[in-house]
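Enquirer:
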Amino acid sequence: MAVIGVSVIVGRLVTGFLVDRIFAPYVTAFVFTLVAIELLAFGFGGISLAFVGSMALGFAIGAEVDLIGYYTARYFGLSRYGVLFGLLYSSFSAGCALSPLIAGYIWDKTGSYDLVLKGGALLVGSAAILALTLPKFDQQRR
0 MAVIGVSVIV GRLVTGFLVD RIFAPYVTAF VFTLVAIELL AFGFGGISLA FVGSMALGFA
60 IGAEVDLIGY YTARYFGLSR YGVLFGLLYS SFSAGCALSP LIAGYIWDKT GSYDLVLKGG
120 ALLVGSAAIL ALTLPKFDQQ RR
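Numbering that gives the first Met the number 0 applies: residue 0 is where the sequence shown begins, and numbers increase by one.
In structure tokens, the structure reads:
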């Protein structure tokens, strides 16, 4: 948990720095692709990659939370920012709350987290691809 906690902070700082310089969907795709690769490596490589996997997970969590706020402002403007950010962040939080339950259920049924790791890699990899389809920001919403 300490590794994840430090990585969350690093993820927020690095992501904030990068989205000020690079189009945010490219940053998102890069971060999510790294996480997908790490999940697959952890799924195939086992416990020996737990430390690196924890770093990648923490980094992604830090990046995701910042990107939710950033995308909300850039794509929807500030007139309803509070409501939209609250809805999106609540959805993120619900996913964070449900994912351990789902992972535990899969462990109970299969005796392994392999499906969780590989499924997570598929979902995060899909999110990376979807990020690349996002349009340029509306300049008037700055």
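Even for Gly, the Cβ is constructed at its ideal location relative to N, Cα and C.
Does the count of Cβ pairs from the region 79 to 98 and the region 11 to 25 closer than 8 Å reach three?
Expert: No: the two stretches stay apart, fewer than three of their Cβ pairs being nearer than 8 Å.
Enquirer: Report the three-state DSSP secondary structure of Lys135 (helix, strand or coil).
Expert: coil
Enquirer: Assess contact between the region 38 to 58 and the region 106 to 118, defined as three or more Cβ pairs (one per stretch) separated by less than 8 Å. Is contact present?
Expert: yes
Enquirer: Where does Phe22 fall in DSSP's three states?
Expert: coil
Enquirer: Decide yes or no for the touch test of the region 47 to 57 against the region 120 to 137: beta carbon pairs closer than 8 Å, at least 3 of them.
Expert: no
Enquirer: Taking the alpha carbon of Ala35 as the point to measure from, which residue in Ile8, Ala59 and Val64 has its own alpha carbon closest?
Expert: Ala59 is the residue among Ile8, Ala59 and Val64 whose C-alpha sits nearest the C-alpha of Ala35.
Enquirer: Counting pairs of Cβ atoms below 8 Å between the region 21 to 35 and the region 60 to 73, do you hit three or more?
Expert: yes
Enquirer: Decide if Gly81 is buried, meaning its Cβ has at least 16 other Cβ atoms within 10 Å, or exposed.
Expert: exposed
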